[in-house]
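Enquirer: Before I ask anything, here is the structure I am working with.
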Amino acid sequence: MRRQCVLEPATIGMFSTIQHLQHHIRTANDDSTLTYGNMDVNHPIHGVCQGNGAGPAIWTVISTTLLNMLREANFGLQIHCSLDQKPIHIVSFGYVDDFDLIQSGQNATEAVSKLQQAIQLWERACLLPGPTGY
Numbered sequence: 000m001r002r003q004c005v006l007e008p009a010t011i012g013m014f015s016t017i018q019h020l021q022h023h024i025r026t027a028n029d030d031s032t033l034t035y036g037n038m039d040v041n042h043p044i045h046g047v048c049q050g051n052g053a054g055p056a057i058w059t060v061i062s063t064t065l066l067n068m069l070r071e072a073n074f075g076l077q078i079h080c081s082l083d084q085k086p087i088h089i090v091s092f093g094y095v096d097d098f099d100l101i102q103s104g105q106n107a108t109e110a111v112s113k114l115q116q117a118i119q120l121w122e123r124a125c126l127l128p129g130p131t132g133y
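Residue 114 in my numbering sits at position 115 of the sequence shown, and the numbers go up by one each step.
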């Protein structure tokens with residue numbers, strides 16, 4: 000979020016509120032007496048919560064940064080358009096919050112190895128603090 004110039008107080012306010020929530024489960028039958036969240040300050044809840052109106056925008060900011068990072072590291076599939084031979088670089092297919100990373104290779108073993116490297120880069124980037132480069 001900070002990478003896209005969202006002010007630090009706004010970012011901290013939104014995510015610290017979510018991290019300190021205590022969640023209750025409601026079903027068609029009843030409300031659960033068990034709750035989750037806000038129990039371990041060393042392992043706060045991650046994400047933006049189901050139904051958060053800002054969720055799609057937050058996911059767009061975060062996923063675009065991560066996908067661009069993978070593209071810049073040459074992961075994905077690079078092909079040429081059959082009509083004009085312009086290069087096309089595809090890293091994933093996605094819809095809302097469901098993404099499938101794709102990776103090409105000379106054979107299945109190479110593609111799987113490169114995909115594993117891409118996943119590890121994605122994970123490392125998720126652990127970076129604040130507005131840093133990748």
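Backbone N, C-alpha and C fix where the C-beta goes; we use that ideal spot for every residue, glycine too.
Among residues of its own chain, excluding the 5 on either side of Gly12, which ones have a beta-carbon nearer than 6 Å to its beta-carbon?
Expert: For the purposes of this step, residue 12 is taken as residue 13 along the sequence shown, with counting starting at 1. The beta carbon of Gly12 is closer than 6 Å to none in its chain, skipping five residues each way along the sequence.
Enquirer: According to the neighbour-count rule (16 or more other Cβ atoms, all chains shown, within 10 Å of its Cβ), is Gln115 buried or exposed?
Expert: Your numbering for residue 115 matches position 116 in the sequence shown. It is exposed - the Cβ of Gln115 has fewer than 16 other Cβ atoms within 10 Å.
Enquirer: Spell out a yes or no on whether the stretch 55-64 and the stretch 18-36 are touching, meaning 3 or more CB-CB pairs, one atom from each, closer than 8 Å.
Expert: In short, these stretches do not touch, since the Cβ pair count stays below three.
Enquirer: So which of Glu71, His19, His79, His23 has the shortest CA-CA distance to Asn41?
Expert: Residue numbering aside, residue 41 sits at position 42 when the sequence shown is read from its first letter. Minimum Cα distance to Asn41 is reached at His19.
Enquirer: Within 10 angstroms of its Cβ, does Leu66 collect 16 or more other Cβ (buried), or is it exposed?
Expert: By one-based count along the sequence shown, residue 66 stands at place 67. Buried is the call here.
Enquirer: Does DSSP put Thr32 in a helix, in a strand, or in coil?
Expert: Here the question's residue 32 lines up with position 33 in the sequence shown. Three-state DSSP puts Thr32 in a strand.
Enquirer: Any idea if Leu82 is buried or exposed, counting beta-carbon neighbours within 10 angstroms, 16 or more meaning buried?
Expert: Residue mapping note: residue 82 aligns to position 83 of the sequence shown, counting from 1. When all chains shown are included, Leu82 counts as exposed.
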